[in-house]
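A.B. asks: Sharing a structure, written as structure tokens. Questions coming.
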Amino acid sequence: MTKKHNTENDKKQNQFNKNVLTFVHFSSLSNSLSFCSMVYIGETRRTLDKRLKEHQYAVKRHDEKNGIAVHAWNSNHKVNWLEAKVKERVENYTRRRITEAVVIQSLPSTSNLDNGLELNPTWQPIIASL
Ligand SMILES: [Zn+2]
324 MTKKHNTEND KKQNQFNKNV LTFVHFSSLS NSLSFCSMVY IGETRRTLDK RLKEHQYAVK
384 RHDEKNGIAV HAWNSNHKVN WLEAKVKERV ENYTRRRITE AVVIQSLPST SNLDNGLELN
444 PTWQPIIASL
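Residue 403 in the working numbering sits at position 80 of the sequence shown; the count goes up by one each step and never skips.
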């Protein structure tokens, strides 16, 4: 009975963690809690856990197309996997991509390799004021 209850909770939790926008942070020194100001913004229609596993694998194999891996290797900074959080849950793919692009472009520095979805420049003053 307890097991069934847990499974249902897990399912609910997994469902909740799908279609998410996430923030991944770095530590500026290995084995240190001093934070690096860099942040990585990502979106996935799958769960945060699955996406993080892919990022971890990318870091392991020095994937030059992965913004987390590139920053971790170039700066010798450590990825705070445990600090990775779901910032927003957005079901609609286009809305999620727009939200991701707005967040990336509103931050002073991210380890993202691109700005995400190309937004009409008319939005820039609004994004800059966020
Ligand atoms: Zn860093």
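Even for Gly, the Cβ is constructed at its ideal location relative to N, Cα and C.
1. Which runs of the alpha helix (DSSP H) at least 4 residues long sit entirely within the segment 362-449? Give them in chain order.
2. Could you say which of LYS335, ASP333, HIS348, ARG419 lies nearest to GLU406 if we only look at CA atoms?
3. Should HIS378 be counted as a contact of ligand 1 given a C-beta to heavy atom distance under 7 Å?
4. Going by Cα to Cα distance, which pick from ARG418, ILE391, SER350, ASP372 is closest to ASN340?
5. Is there at least one Cβ from chain C nearer than 8 Å to ARG412's Cβ?
6. Got a list of residues with beta-carbon closer than 7 Å to any non-hydrogen atom of ligand 1, in chain order?
7. Compute the Euclidean distance between the alpha carbons of SER357 and ASN399, then round it to the nearest angstrom.
8. Can you tell me where the beta strand (DSSP E) with SER350 in it begins and where it stops?
9. Please check the pair GLY390 and LEU436, which I expect to be a contact at CB under 8 Å, by giving their CB distance rounded to whole angstroms.
10. Am I right that THR367 and VAL343 are in contact with their C-beta atoms under 8 Å? What's the rounded C-beta distance?
11. Please classify ALA451 as buried or exposed, where buried requires at least 16 other C-beta atoms within 10 Å of its C-beta.
C.D. replies: The relevant details are as follows:
1. 371-383, 390-398, 416-429
2. HIS348
3. no
4. ASP372
5. Protein chain content of the structure displayed is limited to a single chain, and chain C is not contained in it.
6. PHE349, SER351, CYS359, MET361, HIS394, SER398, HIS400
7. 13 Å
8. 343-350
9. 5 Å
10. 6 Å
11. exposed
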